[in-house]
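Here's the structure we're looking at; comments come further down.
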Amino acid sequence: MPRVRSSSPALVTRITLLLGVWLLLGSTNVPAASTPRIAAANWTVAETLVALGVTPYAVSDIPNYRKWVMEPPIPDETIDIGLRNQPNLELLAQDPPDLLLTSGLFSRDNRRLERMMPVRILDNFFSGQPFYPATLEMTREIGRMTGHQAQAEALIAQTEKVLDSAAKRLQGITEPVYVVQFSDAQHVRVFGKGNMVGTLFSRTALKNAWTGPLNAWGYAAISIERLAERPDARIIVIKPFPREVDSELADNRIWQHLPAVREGRVSQTDPIWPYGGLVSLQRLAKSMIEVIAHERAGVNSGADQ
Amino acid sequence: MTRLARSPLWLVVGMVLVALILGYATLQTHFGDLAGHWWQAIVAPDESRIRQIVLHYTFAPRLIVALLSGAALALAGCLMQQVLRNPLASPATLGVTSGAQLALVIATLWAPGWMLAGREWIALTGGIAATLLVFALSWKRRLAPMVVVLSGMVVSLYVSAINSALLLFHQESLSGLFIWGSGSLAQDNWNDSRFLLLRLAIVMVLALALLRPLSLLDLEEEGAKSLGISLRKLRFAGLGLGIFMTACVVSAVGLIGFIGLAAPAIARLAGARTLGQRLGWSMMIGALLLTLTDLVVQQMTPLTASLLPTGAMTAALGAPLLLWLLPRLKLGGSRPTPSSGLTLPRRAEPRRRLWLLGAIAIVAVLLALGLGFAVDGRQAQLAWAGWHDLSLVIDWRLPRVGTAAAAGLMLAVAGTLLQRMTGNPMASPEVLGISAGVAIGVITLMLLPLGVAPLSSSVTGFCGAVVALLVLVICNRRSGFAPERLLLTGIAISSLLEALRAIVLASDDPRAEELLAWLSGSTYYASLASMAWVLAIAALLFVLVLPLQRWLTLLPLGAPTAKALGVDVDRSRLMLLGLVALLTVAATLVVGPLSFIGLLAPHMARLMGFHGARHQLIGAGLLGIIVMVAADWLGRNLFFPYQLPAGLVAALIGGLYFMWGLRRL
Chain B
-11 MPRVRSSSPA LVTRITLLLG VWLLLGSTNV PAASTPRIAA ANWTVAETLV
39 ALGVTPYAVS DIPNYRKWVM EPPIPDETID IGLRNQPNLE LLAQDPPDLL
89 LTSGLFSRDN RRLERMMPVR ILDNFFSGQP FYPATLEMTR EIGRMTGHQA
139 QAEALIAQTE KVLDSAAKRL QGITEPVYVV QFSDAQHVRV FGKGNMVGTL
189 FSRTALKNAW TGPLNAWGYA AISIERLAER PDARIIVIKP FPREVDSELA
239 DNRIWQHLPA VREGRVSQTD PIWPYGGLVS LQRLAKSMIE VIAHERAGVN
289 SGADQ
Chain X
58 MTRLARSPLW LVVGMVLVAL ILGYATLQTH FGDLAGHWWQ AIVAPDESRI
108 RQIVLHYTFA PRLIVALLSG AALALAGCLM QQVLRNPLAS PATLGVTSGA
158 QLALVIATLW APGWMLAGRE WIALTGGIAA TLLVFALSWK RRLAPMVVVL
208 SGMVVSLYVS AINSALLLFH QESLSGLFIW GSGSLAQDNW NDSRFLLLRL
258 AIVMVLALAL LRPLSLLDLE EEGAKSLGIS LRKLRFAGLG LGIFMTACVV
308 SAVGLIGFIG LAAPAIARLA GARTLGQRLG WSMMIGALLL TLTDLVVQQM
358 TPLTASLLPT GAMTAALGAP LLLWLLPRLK LGGSRPTPSS GLTLPRRAEP
408 RRRLWLLGAI AIVAVLLALG LGFAVDGRQA QLAWAGWHDL SLVIDWRLPR
458 VGTAAAAGLM LAVAGTLLQR MTGNPMASPE VLGISAGVAI GVITLMLLPL
508 GVAPLSSSVT GFCGAVVALL VLVICNRRSG FAPERLLLTG IAISSLLEAL
558 RAIVLASDDP RAEELLAWLS GSTYYASLAS MAWVLAIAAL LFVLVLPLQR
608 WLTLLPLGAP TAKALGVDVD RSRLMLLGLV ALLTVAATLV VGPLSFIGLL
658 APHMARLMGF HGARHQLIGA GLLGIIVMVA ADWLGRNLFF PYQLPAGLVA
708 ALIGGLYFMW GLRRL
């Protein structure tokens, strides 16, 4: 196991652990050796695994995944291992997967986890690379690890195709775009460089209307009046709406008066995980094409500022 | 001439000037493009110009809401202070604001339909419930000012612990609640302004009608009674108005800390005398205080990618203000009564009881190690660990159980030391804000680079603990460490941590989740090695403390007696405080700042009849181990595979005990 850092727990525990593993392996029937059983603490990795046709053994916080990431759906056989930043150790230890994939954000002490199974930090953020190349590399790596290289390359090729067609379909669009997700009725996260929204902006002719500061995940938390700073902008809202936001927006005078809202340049996407992988990226790109290119003809004539 | 010099007029004029300058600056930075049209945009915006709309629906109502909320909270604070004859009463210190907030959070999560029916009524229910709880807790001490405020702040902290537990399970969807919970004044229409204006006007009229009878409360109680006033009805009406006003503000803009305390206090210090004067001036000062804070926040907003919540900012400013006010206020009814705990009958054989406790502790540890969820395919159920689970138990349960036990032991010992040193049955590292000091130190470090480095966080944590201890000593030396004052100082430090936490959580930074998890005190990251360290430290400190029993026996008799019996009081106190700091840092880094174990364990030990210093130390230590191990087990298994942090569970258990203890303080 070259990739796995060896840890040095007390000899006794190591022996007991080996004993335990041996006993466990003795009692459970080992599944087919072809695809390793993988647990994913990170939703982005979970998404990619499912997209490559691998059924993850375990994923963190599945109810919230269904709400925030949505696609692709986690198979029913996959078990829940609790909160993303604290996968349940007792559960993992009793029937350890062959590999745990986690994110640098969620794990601060992987040496312990490595005693029950190999652990890898696999992340498309904080890798030192821009978002898109990092995500490609993450996808390829997941493909290599699971023996699904072909599927990974196919997913990448498919994503490239989606991005190319997005570039084609979104050509000549002059109005800038805010891509936002609501925190409450007065505040949004507005996305920019450093995540998949930034990738779309760099791969297509679309221009980001938000040019202010961004945090390490490529978004800024702002109050919605700042969406008026570019009156000509279009607004794309990534769902889900937290709590009652959609009904509160009806009373929100600023929202109702934003040029984009008045002139019908606001569109909503299905829930998309903006920090996700290629599937989320494709879904975002397709939504953008659908909502922008679709209404383009009608809007171009009506917009004047 | 002299009357003019003693009136708050100049202060208010100065604040108005600063507000005007800041307001102009804010308009200039945010709406510079509209220069010349500002007034027109506020009054009658050109509907086709979005910039004017934005000014009309954000800046202007936000200013009005800040003014109204500040005035409303000051009015509420003034009424509460007058009714309770307590200069420290306020919506925040009575627990009204946090009670209202919890009610709204619960309604949002489980009964969103009710929110449409009227948020202020839900908030009012929560506020009244919290107030009733506070009164129930301080009833026995005839609502003595310090005890009321102490109970109120404890209820606040407890409620926010419940809030944290809820938030842990709704991380992604509650980021909006974080923002609202920390008091963001952002507006998008005039609804809140109208809402607050109407209610403030009604409450003001009612308050004016009550002005004469209420101001008679300044007389001694007998005097007021002889004038033929039904004191009970009057108090009920005054307090009810204050709580209603607070509930309205909370439901409109969330938690705004300490304006209700600060504004009346400043008005009084600046020379407002009669109730009428105090009401008028403190409403103006409150309005201006909140507005000034909000304008500063608005000035800072464009500089960052995160949100700055105004309410949490005022709370962060309010905690130091409370610390500053404490030594300056003359408070009646704070003479300590002899603690009831000391008059309990002595048990004949504490030794046998200690053995019994030890046995229980061992059983608790064994249960916590052995009993857990067993996975069978996709199912998991509670089961005993068999021999083949040995590695599971040793590798994954033992570190957490051991760490929890060590932390419980250390907190219990630290609490015993503090209670014996101060002669105060309610003292403990959590209650005195020493744990909060550790946490503030660690947060400060965490916000600088990414992630938590264990070594450096223990260093900054230690610095935090030392600073907290210094603040405690400085604020209380003059009063001779009067028990309630000491506790109040500690709780004020804890509320500063609360404000800091709200600011970090509202910043909408993904790291906030990690911080929330750490602050809630999880044993999740314990490993065999770290457990060995923590256990070794705990054992070492425990061994160091045991021989100090002579000091611990003599110090509660009072400094002169102890001195006469040959104890170097200053040196012994310094050493004991040093030990308390070390114990607290080590324990807080593991189980977070709010577990109440340090309070609960020594207290219970004394109730069980361990009066000798040595017996109390050992008994409290064992109890600390038992409670903490139980809390950790509950946290791990209650919502399997999701886990609650041990510190949070312990706080939910220990907080109840603390409130119960307050009742008999």
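Sequence order for the protein chains is B and X.
Residue -11 is where the first sequence starts when you use this note's numbering, and the numbers rise one by one after that.
Residue 58 is where the second sequence starts when you use this note's numbering, and the numbers rise one by one after that.
Glycine included, C-beta positions come from ideal geometry on N, C-alpha and C.
query: Helix, strand or coil: which one does DSSP assign to residue 73(B)?
result: In the first sequence, residue 73(B) corresponds to position 85, counting from 1. Three-state result, residue 73(B): coil.
query: Taking the C-alpha atoms as reference points, what is the distance between residue 77(X) and residue 348(X)?
result: In the second sequence, counting from the first residue as 1, residue 77(X) sits at position 20. In the second sequence, counting from the first residue as 1, residue 348(X) sits at position 291. Going from the Cα of residue 77(X) to the Cα of residue 348(X) covers about 10 Å.
Quiz item: Which residue or residues does DSSP assign as beta-bridge partners of residue 222(B)?
Solution: One-based indexing of the first sequence puts residue 222(B) at position 234. DSSP lists 165(B) as partners of residue 222(B).
- Task: Flag residue 709(X) as yes if its beta-carbon sits less than 8 Å from any beta-carbon of chain B, otherwise no.
- Result: Here residue 709(X) refers to the residue found at position 652 of the second sequence. No - not a single Cβ of chain B is within 8 Å of the one on residue 709(X).
In the structure shown, what three-state DSSP assignment does residue 712(X) receive? Sequence index remark: in the second sequence, residue 712(X) carries index 655 (1-based). Three-state result, residue 712(X): helix.
Check: Considering only residues of the same chain and omitting the five flanking positions on each side of residue 616(X), which have a CB-CB separation below 8 Å?
Finding: Taking the first residue of the second sequence as 1, we reach residue 616(X) at position 559. Excluding positions up to five away in sequence, the list reads 626.
Please list, in chain order, the chain X residues whose beta carbon lies closer than 8 Å to that of residue 294(B).
Because chain B is modelled from -11 through 293, residue 294(B) falls outside the range shown and cannot be assessed.
Exercise. Do you know offhand how far residue 197(B)'s Cα is from residue 215(B)'s?
Worked result: Counting from 1 along the first sequence, the entry for residue 197(B) is found at position 209. Counting from 1 along the first sequence, the entry for residue 215(B) is found at position 227. Near 8 Å, if we compare the C-alpha coordinates of residue 215(B) and residue 197(B).
#### Entry: Interface partners of residue 454(X) on chain B, CB under 8 Å
Translated into the one-based positions of the second sequence, residue 454(X) becomes position 397. Simply 78.
Proximity winner among 228(B), 170(B), 39(B), relative to residue 210(B) (alpha-carbon distances) | For the purposes of this step, residue 210(B) is taken as residue 222 along the first sequence, with counting starting at 1. Here the closest residue by C-alpha is 170(B).
Margin query: For a test of the three-state rule: what should DSSP assign to residue 187(B), helix, strand or coil?
Written below: Walking along the first sequence from the start, residue 187(B) turns up at place 199. Residue state, collapsed to three classes: helix.
Legend entry - Partners in chain X for residue 69(B), counting only beta-carbon separations shorter than 8 Å: Start at 1 with the first residue of the first sequence, and residue 69(B) comes out as number 81. Correct list: 698.
Checklist line | Residues from the segment 414 to 443 of chain X in contact with chain B, defined by Cβ distance under 8 Å | finding: 429, 430, 431, 432, 435, 437
- Spatial distance of residue 441(X) from residue 427(X) (CA atoms): Sequence index remark: in the second sequence, residue 441(X) carries index 384 (1-based). Sequence index remark: in the second sequence, residue 427(X) carries index 370 (1-based). Distance between the alpha carbons of residue 441(X) and residue 427(X) is about 6 Å.
So with Cβ pairs under 8 Å, would you call residue 111(X) a contact of chain B?
Locating residue 111(X) in the second sequence gives position 54, where the first residue counts as 1. Yes, contact with chain B.
field: Beta bridge counterpart(s) of residue 178(X) as assigned by DSSP
entry: Taking the first residue of the second sequence as 1, we reach residue 178(X) at position 121. Paired residues: none, contrary to the question.
inquiry  = Taking the beta carbon of residue 81(X) as the centre, do at least 16 other beta carbons fall within 10 Å, making it buried, or is it exposed?
reply    = As a working note, residue 81(X) is residue 24 in the second sequence. Looking at its Cβ environment, which holds fewer than 16 other Cβ atoms inside 10 Å, residue 81(X) is exposed.
| task | Could you tell me the distance, in whole angstroms, from the CA atom of residue 208(X) to the CA atom of residue 81(B)? | result | Taking the second sequence and counting its residues from 1, the one referred to as residue 208(X) is at position 151. Taking the first sequence and counting its residues from 1, the one referred to as residue 81(B) is at position 93. For residue 208(X) and residue 81(B), the distance between alpha carbons rounds to 44 Å.
For this session: Measure the CB-CB distance between residue 454(X) and residue 78(B) and report whether it falls below 8 Å.
Result: Your numbering for residue 454(X) matches position 397 in the second sequence. Your numbering for residue 78(B) matches position 90 in the first sequence. Contact flag set, yes.
*asked:* If the criterion is Cβ atoms closer than 8 Å, does the pair residue 577(X) and residue 459(X) meet it?
replied: As a first step, residue 577(X) must be located in the second sequence, where it is residue number 520. As a first step, residue 459(X) must be located in the second sequence, where it is residue number 402. Not closer than 8 Å, so no.
Chain X within 8 Å of residue 164(B), Cβ atoms only
The residue given as residue 164(B) occupies position 176 in the first sequence. For residue 164(B), the answer is no, since every Cβ of chain X falls outside 8 Å of its Cβ.
Note to self: From the DSSP secondary-structure annotation, give me the bridge partner or partners of residue 302(B).
What the structure shows: In the structure as shown, chain B begins at -11 and stops at 293. Residue 302(B) is therefore absent and cannot be evaluated.
Closer than 8 Å to chain B by CB, residue 581(X): Here residue 581(X) corresponds to residue number 524 of the second sequence, with the count starting at 1. Chain B, which has a Cβ nearer than 8 Å to the Cβ of residue 581(X), makes this yes.
* **Beta-bridge partners of residue 175(B), as assigned by DSSP** => Translated into the one-based positions of the first sequence, residue 175(B) becomes position 187. According to DSSP, residue 175(B) bridges with 172(B), 211(B).
Please state the DSSP three-state secondary structure of residue 255(B). Position 267 of the first sequence holds residue 255(B). Reduced to three states, the DSSP call for residue 255(B) is strand.
Tell me, please, whether the CB atom of residue 479(X) is closer than 8 Å to any CB atom in chain B?
On the second sequence, residue 479(X) is found 422 positions in, with the first residue counted as 1. It does not: the Cβ of residue 479(X) has no partner Cβ on chain B nearer than 8 Å.
Just how far apart, CA to CA, sit residue 90(X) and residue 97(X)? Within the second sequence, numbered from 1, the residue matching residue 90(X) stands at position 33. Within the second sequence, numbered from 1, the residue matching residue 97(X) stands at position 40. Those two C-alpha atoms are separated by around 14 Å.
Are any of the Cβ atoms in chain B nearer than 8 Å to that of residue 730(X)? Coverage of chain X is limited to positions 58 through 722, which leaves residue 730(X) absent and any answer about it impossible.
- Closest to residue 256(X) by CA distance: which of 328(X), 178(X), 146(X), 182(X) is it? Against the second sequence, residue 256(X) aligns to sequence position 199. Checking every option, the nearest Cα to that of residue 256(X) belongs to 178(X).
Would you grab the beta carbon distance between residue 383(X) and residue 542(X) for me? Rounded to a whole angstrom, and I think it's under 8 Å.
Residue mapping note: residue 383(X) aligns to position 326 of the second sequence, counting from 1. Residue mapping note: residue 542(X) aligns to position 485 of the second sequence, counting from 1. Contact holds; Cβ gap of about 6 Å.
Q. According to DSSP, is residue 205(B) helix, strand or coil?
A. If you number the first sequence from 1, residue 205(B) lands on position 217. Residue 205(B): coil per DSSP, three-state reduction.
Can you give the Cα-Cα distance for residue 253(X) and residue 308(X), rounded to whole angstroms? Translated into positions along the second sequence, residue 253(X) becomes position 196. Translated into positions along the second sequence, residue 308(X) becomes position 251. One C-alpha to the other measures close to 10 Å.
CA-CA distance, residue 743(X) and residue 370(X)?
With chain X covering 58 to 722 only, the question about residue 743(X) has no answer from this structure.
Partners in chain B for residue 220(X), counting only beta-carbon separations shorter than 8 Å:
The residue given as residue 220(X) occupies position 163 in the second sequence. Result: empty, since nearest Cβ-Cβ is about 16 Å, beyond 8 Å.
task = In the DSSP assignment, find the beta strand (DSSP E) that holds residue 107(B) and state where it starts and stops.
result = Within the first sequence, numbered from 1, the residue matching residue 107(B) stands at position 119. Where residue 107(B) is concerned, the enclosing beta strand (DSSP E) stretches over 107 to 109.
What's the call for residue 116(B), buried or exposed, on a 16-neighbour Cβ count within 10 Å? Within the first sequence, the letter at position 128 stands for residue 116(B). Answer is exposed; the Cβ neighbour count stays below 16.
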